[in-house]
Amino acid sequence: MGKFAPWVGYLIALLGLPQLFDSVLAITIFNQMAIAIVFALSYNMLLGQGGMLSFGHAVYFGLGGFMAVHALIMIEFETVYFSITLIPLVGGLIGLIAAIFVGSFSTHKAGTVFAMISLGIGELVAASSLIFVSFFGGEAGVSADRTFGPPFFGIEFFQDVEIYYLSAGWVFASTVFMYLFTQTPAGRMANAVRENPERAEFIGYSARRVRFISFCSSGFFAGVAGGLFALNYEFITEENLNAVTSGRVLLMAYIGGLGYFIGPIIGAVVLTLMNSLLSNYTELWMLYLGIMFVLTVLFLPRGFAGFIMMHQTAWLRGRLSSLVLPYLITGIPAIMFGGSILAAIEMLHHGGESFRFLFVTLDSGNALHWFALTSVGAASHFACRRSLGQLTSAWEEANQSEDTTERGPS
Amino acid sequence: MLEVFVFSTLNGLVTGLLLFMLASGLTLIFSMMGVLNFAHASFYMLGAYFAYSVSLKLGFWAGLFFAPLLVGTLGALVERYALRRVHAYGHVAELVFTFGLAFLIEEAVQFFWGADTKNYRSPDLLDFPLFVLFGQEFSAYRGFMITISVGIFLVLFYVLTRSRIGIIIQAAITHPHTVANLGHNVPLIFMAVFGVGTALAGVAGVIAGPVLTTFPGMAVVLGSIVFVIVVIGGLGSLGGAFVASLMIGLLQSYAIASNLGMPDLLNLLGLDFSRDHPLNDLWTLTLPQIAPVLPFLLLVLVLIFRPTGLAGKREE
Chain A
1 MGKFAPWVGY LIALLGLPQL FDSVLAITIF NQMAIAIVFA LSYNMLLGQG GMLSFGHAVY
61 FGLGGFMAVH ALIMIEFETV YFSITLIPLV GGLIGLIAAI FVGSFSTHKA GTVFAMISLG
121 IGELVAASSL IFVSFFGGEA GVSADRTFGP PFFGIEFFQD VEIYYLSAGW VFASTVFMYL
181 FTQTPAGRMA NAVRENPERA EFIGYSARRV RFISFCSSGF FAGVAGGLFA LNYEFITEEN
241 LNAVTSGRVL LMAYIGGLGY FIGPIIGAVV LTLMNSLLSN YTELWMLYLG IMFVLTVLFL
301 PRGFAGFIMM HQTAWLRGRL SSLVLPYLIT GIPAIMFGGS ILAAIEMLHH GGESFRFLFV
361 TLDSGNALHW FALTSVGAAS HFACRRSLGQ LTSAWEEANQ SEDTTERGPS
Chain B
1001 MLEVFVFSTL NGLVTGLLLF MLASGLTLIF SMMGVLNFAH ASFYMLGAYF AYSVSLKLGF
1061 WAGLFFAPLL VGTLGALVER YALRRVHAYG HVAELVFTFG LAFLIEEAVQ FFWGADTKNY
1121 RSPDLLDFPL FVLFGQEFSA YRGFMITISV GIFLVLFYVL TRSRIGIIIQ AAITHPHTVA
1181 NLGHNVPLIF MAVFGVGTAL AGVAGVIAGP VLTTFPGMAV VLGSIVFVIV VIGGLGSLGG
1241 AFVASLMIGL LQSYAIASNL GMPDLLNLLG LDFSRDHPLN DLWTLTLPQI APVLPFLLLV
1301 LVLIFRPTGL AGKREE
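In order, the protein sequence lines correspond to chains A and B. FYI, the numbering for the first sequence is 1 to 410, going by our numbering. FYI, the numbering for the second sequence is 1001 to 1316, going by our numbering.
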């Protein structure tokens, strides 16, 4: 029964969130999260589980989204007749078809060759989308209206919150299926091929075929995400299949943590929150995002999920509590140091005028403010460096295996 | 017709040589570290911006001298304190790191210099037509660009194949452990090559800034094209990169100058489609329209049919 506990929790979180936060802004953010989660998970299927680094994953998202919008238009003009709840499936099928086509020649090799082909295809499709105006709508994109379809048990999807519950359903189903995929022989072999394609071939699997299967499934779920996007926004533009979107999904999956199934979900949630909340407070949020990304790659190569999972050993040994105090002693100065750097960046940005930073008003024209900031920064940096040794030893102690022979492995 | 041909050839040559300056550094770095540096074009952009700032105070020529030095130093620092660290986490992490670095540099450039286009200009000294052909001027600055690029190519070629340092570098690429056992500091060599490679990109930025405009998107515009060149030329091959640079430069320049398109092809075949055909966009395609896409088309085709590129060695 414990096996299902995370899933029940996930479902409750998905359905319960709009009850807790029911503002318009919150619902908008939840909708964005829903799309991002499916998209990032599909990317992880490729990079995290299959070891294929793609710089053009937005192609499948975007193509699925475009076809989904066109399907909405067809429903509106009664060319076809089906419920709009199935629109993500349309997106998914288009993503799958595109992935079958591209995968047929791009999955020969992983590594650099695959990455470069994905980059080339991404640029090709993005450029073509501006040329073929009748399908992609040029720079303006194409738009539709989701409310013309047949009602779904009386729901006509006028409101965003109705779309959210529909999205939540799709997100849950997609997550379950993507998780189940990792448990199938195809999913396990994808891991094997990622680690050592040669050995996988020796035991009789075609590395290319294994990659192809991962690639196609990944394309399908990217398309589903595109379909959710189409349903939520009712329009889609060229921007949704170009390199910017491809880069963003890489960012999400990587920051979240590639090696873990839950990683991309964390990344999608964190980045969506940053995207929508941080941009209200500062114009520089893209710069902070870049800094965060580079720092994550440098210091947390396994992402946020990896950071959380690092504590597994200590937790299993019941020593997690011994880490709390050292964490606070190092963490508080570290946060203060980061904060003073941010404040300095903001002061440079606001050259000459005063502005609110957290709970103080800073003025970059005031030398006293610079002095105070530098002292806080230097002091916190010093405190942080001083306490780092304690943290390291506490960490080693917590992770130390019992050297007594009284207990064997349980 | 001839004048269009001659001028697109000249323009293609200028672009091609400029691209080679970026591609040469990128391909050197690749053969050493086995990782494609996504941020390479960002160093090119930094070159242009540094040179712009220096030129405001000290003039263009000081910019040409100082900016590549600054960029090279920055590149060496990135290698020493970041790339070397990420190297331990594997190739994907390295590639992702350079990708993030490119993103960060673009944002940082906007932070320090703003999002607008900078009025970075070529020096007055070179502000005259070099020669007039078919009534069209070819500016001295473009001639200067060609001279610098060819000069750098020759120096690079000489240093790498004829000098002692070049031989050590070449040996360090293929047999790092042996070279280290002979008493050379291999990590230092790697750092230096990374620095020189990024400095070369910086030079390209300094001389391209006035012609191709200095704005925060200039790295993105050129970045993926340089990738294409390095891959088409064959990863790690300097000669291949040279041929591919010229090829891409000329190809784009011809495609933009020509006014051929699908309508001409259809006329030739005696076909005709009505205006409201659903694929109308396809039947009215012209070469200038698809010029930006051609390198990527070439990339995908090369990778499918000859994954090692023009001059690449067989992969192990």
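We put the CB at the ideal spot given by N, CA and C, even for glycine. On a predicted model such as this, the values are computed, not experimentally measured, just so you know.
Under the three-state reduction of DSSP output, residue 157 (chain A) falls in the coil class, being neither helix nor strand.
The three-state secondary structure of residue 1139 (chain B), taken from DSSP, is strand. Boundaries of the beta strand (DSSP E) harbouring residue 357 (chain A): 354–357, taken from the DSSP string.
Relative to residue 1148 (chain B), the option among B:1308, B:1072, B:1015 whose CA is nearest is B:1015. In the DSSP assignment, residue 392 (chain A) falls within the alpha helix (DSSP H) that extends over 367–399. Between the alpha carbons of residue 330 (chain A) and residue 1187 (chain B) lies a gap of roughly 33 Å. Going by C-alpha positions, residue 38 (chain A) is about 11 Å away from residue 31 (chain A). Out of B:1150, B:1066, B:1141, B:1191, the CA that lies nearest to the CA of residue 1085 (chain B) is found in B:1191. At a Cβ-Cβ threshold of 8 Å, residue 1101 (chain B) and residue 1078 (chain B) count as neighbours. For the segment 73–106 of chain A, the residues whose beta carbon sits under 7 Å from a beta carbon of chain B are, in order, 105. Given a length threshold of 4 residues, each whole run of the alpha helix (DSSP H) inside the segment 1017–1103 of chain B is given here in chain order: 1040–1058, 1060–1078, 1084–1087.
Of A:127, A:105, A:311, the smallest CA-CA separation from residue 1301 (chain B) is found for A:105.
The alpha carbon of residue 1309 (chain B) has as its nearest neighbour, out of B:1225, B:1165, B:1231, B:1125, the alpha carbon of B:1231.
The Cβ atoms of residue 1288 (chain B) and residue 1225 (chain B) do not sit closer than 8 Å to each other. Against chain B, the CB of residue 201 (chain A) has no partner CB under 8 Å away; the residue lies outside that interface. The straight-line gap separating the alpha-carbon atoms of residue 94 (chain A) and residue 1202 (chain B) is approximately 43 Å.
Within its own chain, the residues whose Cβ lies closer than 7 Å to the Cβ of residue 307 (chain A), once the five positions on either side in sequence are excluded, are 300, listed in chain order. For residue 357 (chain A), the CB contacts under 7 Å within the same chain, skipping 5 residues up- and downstream, are 343, 346 in chain order. Taking 8 Å as the CB threshold, residue 301 (chain A) lines the interface with chain B.
Here residue 1269 (chain B) is exposed: its Cβ has fewer than 16 other Cβ atoms, across all protein chains shown, within 10 Å.
Rounded to whole angstroms, the separation of the alpha carbons of residue 1259 (chain B) and residue 1063 (chain B) is 39 Å. By the C-beta density criterion, residue 1056 (chain B) is exposed, having fewer than 16 other C-beta atoms within 10 angstroms. Considering only beta carbons, the part of the segment 1104–1118 of chain B lying closer than 7 Å to chain A consists of 1104, 1107, 1108, 1111, in chain order. From the listed residues A:372, A:111, A:96, A:362, the smallest Cα separation to residue 221 (chain A) is found for A:96. As the crow flies, the alpha-carbon of residue 1010 (chain B) is around 21 Å from that of residue 1290 (chain B).
Secondary structure at residue 22 (chain A): coil, using DSSP grouped into helix, strand and coil.
When secondary structure is reduced to three states using DSSP, residue 77 (chain A) falls in the coil class, being assigned neither helix nor strand. Counting every other CB atom within 10 Å of its CB across the protein chains shown gives residue 1001 (chain B) a total below 16, marking it as exposed.
Between residue 1085 (chain B) and chain A, the shortest Cβ-Cβ separation is below 8 Å.
Secondary structure of residue 1288 (chain B) (DSSP, three-state): helix. Taking 8 Å as the threshold, the shortest C-beta distance from residue 1100 (chain B) to chain A falls below it.
The CB of residue 1297 (chain B) comes closer than 7 Å to the CB of 124 in chain A, given here in chain order. Counting only the Cα atoms, residue 1285 (chain B) lies some 13 Å from residue 1267 (chain B). Between residue 1093 (chain B) and residue 249 (chain A) the beta-carbon gap is near 17 Å, outside 8 Å, which marks them as no contact. Following the DSSP letters along the chain, one finds residue 362 (chain A) in no alpha helix (DSSP H) but inside the beta strand (DSSP E) bounded by residues 360–363.
Residue 77 (chain A) and residue 226 (chain A) have their alpha carbons spaced roughly 22 Å apart.
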